[in-house]
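Encoded as structure tokens, the structure appears first; notes follow it.
There are 2 protein chains.
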Amino acid sequence: MTATPPLDITQLRRGCGHCSLHQLCLPGGIDGHELEQLDSIVRRKRPVERGGRLFRAGDPLEAVYVARDGAFKSVSTTEEGEEQILGFHLPGELIGLDALGAERHRCEAVALTTANVCEVPFDQLSDVAARVPGLQQQLMRVIGQSVGRDHDHLGMLVRRDADGRVALFLHSLGERYAHIGQPRDVFKLPMSREDIANYLGLAIETVSRTFGRLQEQGIIEVTGRRVAVVDRARLDRLAHQREAPEPAARSRRA
Amino acid sequence: MTATPPLDITQLRRGCGHCSLHQLCLPGGIDGHELEQLDSIVRRKRPVERGGRLFRAGDPLEAVYVARDGAFKSVSTTEEGEEQILGFHLPGELIGLDALGAERHRCEAVALTTANVCEVPFDQLSDVAARVPGLQQQLMRVIGQSVGRDHDHLGMLVRRDADGRVALFLHSLGERYAHIGQPRDVFKLPMSREDIANYLGLAIETVSRTFGRLQEQGIIEVTGRRVAVVDRARLDRLAHQREAPEPAARSRRA
DNA sequence: CGCTTGTTTGAGCCCGCTCAACGCTAGTGG
DNA sequence: CCACTAGCGTTGAGCGGGCTCAAACAAGCG
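Chains as they are written, first to last, in numbering that gives the first Met the number 0: chain A, 0 to 253; chain B, 0 to 253.
Written as structure tokens, this is what we have:
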């Protein structure tokens, strides 16, 4: 462990208006005095180190979180101790919405990398949202986007073919990176193979083999956690068609 | 097609306060003048017949819906025409939240049975929610519950064993029926085997065989769409343990 | 009574899982 | 500088659950 990670005080002091993610995050679409109201309740915390938790299952809902950088995973644990990853969270994506239903977290949020997060006390957020229609609207939007990502996740799981799941996973990860202004086709996976396998409902060996196969076919290049999409068209085709890669016309169900 | 379905005018006129679901639905936790404000924007529509749609993919978000009786499914269609059922909606569960992210529906809502629905124009709902803290809170709660159901769905899909998926499906359906005051252990499935198969990411034949197997084992009794849970303990055990039913200690991953 | 649609049952094959071993990086301490 | 270790990741062999294909039923409905 190195010394305290570089902590940019000015960055911490600066409000949402100066954050590169502000249009994608809660401040999206609001400004001026309204932005100040939001700013005043956001707590910019010092870095969470890899493996650190924002909250645990059972914790009462106190705040929602957004990473400014780094990545998180949401993990739910069954009574039998089986863990299931419900989602990964990239910068700008709200974390902690799982507690909205019962005011108590159903899963825990674990940092995959060292990460800077903003903490937004939920009741204060509700108050401000009630006064600032733009914020209310944006809050609904980010919640909706989170729901959309869950649906994308479903789409991966229901694609029974391992190639399709992994292709869709890489595709959607690329889109999300592009959305926050990072390269769509080359990135470093913040999560382990085990995490990916768990997330996709596959065995870890299958994920590894699938990466290998995609590389052999010249679709991607993988070295450890570095991924480069070489042939995006082919990746997307794999991702969007259900099963049956080459052999002419084979249509499975539906 | 029979003549106009029995339309209970008095029922339509009566507000949310008289609805048996009111504590579970949007009015939960509010009353008096605040309830009136909500009541005034809810449109109680005449029945939607089986196969009818509340909205289609691409439609702008105009309203969210709640069934007072009957059931719906949310279906997303990929570019290739593949359909994926994202969820089933029982009475009292919000329909249409998929549009929150982009103000445009990503999927369509199809009635599985003839159903009475309430339509709540979304912008008016936002307005009232901003003025009525209790409604704001309840809205968040029902949205959160919907997210929770999506996560439950994930849990079914990731359970690779067909018995586990079906058991979990029946279990969770029973819980949801119990939640709205209906029998937990005996109910009529509103959806076809094909819908179930699609929802669970299984082949239709596998669903059928699995029902048969569960019946043979004396866990459930099925006749067509009628299901009775005979041995709830065993069903729950199947549902909550990942794989490996009998043989002593076999632990798969994680 | 056909016709359609939904459900069940049977036979055989294949993908992904399990088990098991090995390779690769880092990090650690002598 | 190099063993030593521990955690990831990859690779190989073999088996089994669920998919596909196919056909028989069952249940509405004109």
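All C-beta atoms in this analysis are idealised placements derived from N, C-alpha and C, irrespective of residue type, glycine included.
Please read all numbers here as calculations on a predicted model, not as lab measurements.
Original post:
Would A145 (chain A) be called buried (16 or more neighbouring beta carbons within 10 Å of its own) or exposed?
Top reply: Reading the sequence as shown, one finds Ser at residue 145 (chain A) and not Ala. When all chains shown are included, S145 (chain A) counts as buried.
**OP:** Could you pull the start and end residues of the beta strand (DSSP E) that L270 (chain A) belongs to?
**Re:** Chain A is shown only over 0 to 253; residue 270 (chain A) falls outside these bounds and no answer can be derived.
Original post:
With respect to the alpha helix (DSSP H) encompassing S171 (chain A), which residues constitute its N-terminal and C-terminal limits?
Top reply: 161 to 178
Original post:
Using a beta-carbon distance cut-off of less than 7 Å, what residues from the region 13 to 31 of chain B approach chain A?
Top reply: none
Original post:
So what does DSSP say about R225 (chain B), is it helix, strand or coil?
Top reply: strand
Original post:
Which class does L234 (chain B) belong to by DSSP, given the choice of helix, strand or coil?
Top reply: helix
Original post:
Using a Cβ-Cβ distance under 7 Å, would L99 (chain B) count as near chain A?
Top reply: yes
Subject >> Residues near T209 (chain A) by beta carbon distance below 7 Å, same chain, minus five either side >> reply: A161, D162, V165
**OP:** Determine contact between the region 136 to 153 of chain B and the region 49 to 61 of chain B, defined as no fewer than three beta-carbon pairs at a distance below 8 Å.
**Re:** no
**OP:** Put V131 (chain A) into one of helix, strand or coil per three-state DSSP.
**Re:** coil
Original post:
In whole angstroms, what is the alpha-carbon distance linking G86 (chain A) and L124 (chain A)?
Top reply: 23 Å
Original post:
Hey, would you say V119 (chain B) sits closer than 7 Å to A66 (chain B), going by beta carbons?
Top reply: no
**OP:** Please check if any C-beta of chain A sits within less than 7 Å of the C-beta of A129 (chain B).
**Re:** yes
Original post:
At least one CB of chain B closer than 7 Å to the CB of I40 (chain A): is that the case?
Top reply: no
Original post:
Would a check of beta-carbon distances place S250 (chain A) closer than 7 Å to chain B?
Top reply: Confidence in S250 (chain A) is poor, its pLDDT being 37 and thus under 50, which makes the residue's placement too unreliable to answer from.
Subject >> Contact set for R175 (chain B): own chain, Cβ-Cβ below 6 Å, skip 5 residues either direction >> reply: L89
Original post:
Going by DSSP, which residues form a beta bridge with P189 (chain B)?
Top reply: Its beta-bridge partners do not exist; DSSP assigns none.
**OP:** Note down the Cα distance separating A196 (chain A) from P46 (chain B), rounded to an integer number of angstroms.
**Re:** 45 Å
Subject >> Given 8 Å, three or more beta-carbon pairs between the region 105 to 120 of chain B and the region 67 to 82 of chain B >> reply: yes
Subject >> CB contact flag (V229 (chain B), E220 (chain B), <7 Å) >> reply: yes
Original post:
chain B partners of S191 (chain A), CB-CB under 7 Å?
Top reply: Those within 7 Å of S191 (chain A) in chain B number zero; the least Cβ separation is about 12 Å.
Original post:
In angstroms, rounded to a whole number, what distance separates the CA positions of R183 (chain A) and S171 (chain A)?
Top reply: 10 Å
**OP:** Closer than 6 Å by C-beta to A98 (chain B): which residues in its own chain qualify, once you throw out the five before and the five after it? Chain order, please.
**Re:** L60, H104
**OP:** Tell me whether the beta-carbon of R52 (chain A) lies closer than 7 Å to the beta-carbon of E102 (chain A).
**Re:** no
Original post:
If we ignore side chains and look at the alpha-carbon of each, how far apart do G27 (chain A) and A177 (chain A) end up?
Top reply: 17 Å
**OP:** Could you name the residues of the same chain whose beta carbon sits closer than 7 Å to that of G154 (chain A), not counting the 5 residues immediately before and after it, in chain order?
**Re:** L167
Subject >> Residues near I29 (chain B) by beta carbon distance below 6 Å, same chain, minus five either side >> reply: G133, L134
Subject >> Q181 (chain B) classed as buried or exposed, judged by whether at least 16 other C-beta atoms fall within 10 angstroms >> reply: exposed
Original post:
What first and last residue would you give for the beta strand (DSSP E) that runs through V74 (chain B)?
Top reply: 71 to 76
Original post:
D194 (chain B) to R43 (chain A), Cα distance in whole Å?
Top reply: 46 Å
**OP:** With a threshold of 16 other CB atoms inside 10 Å of the CB of H152 (chain A), please say whether the residue is buried or exposed.
**Re:** buried
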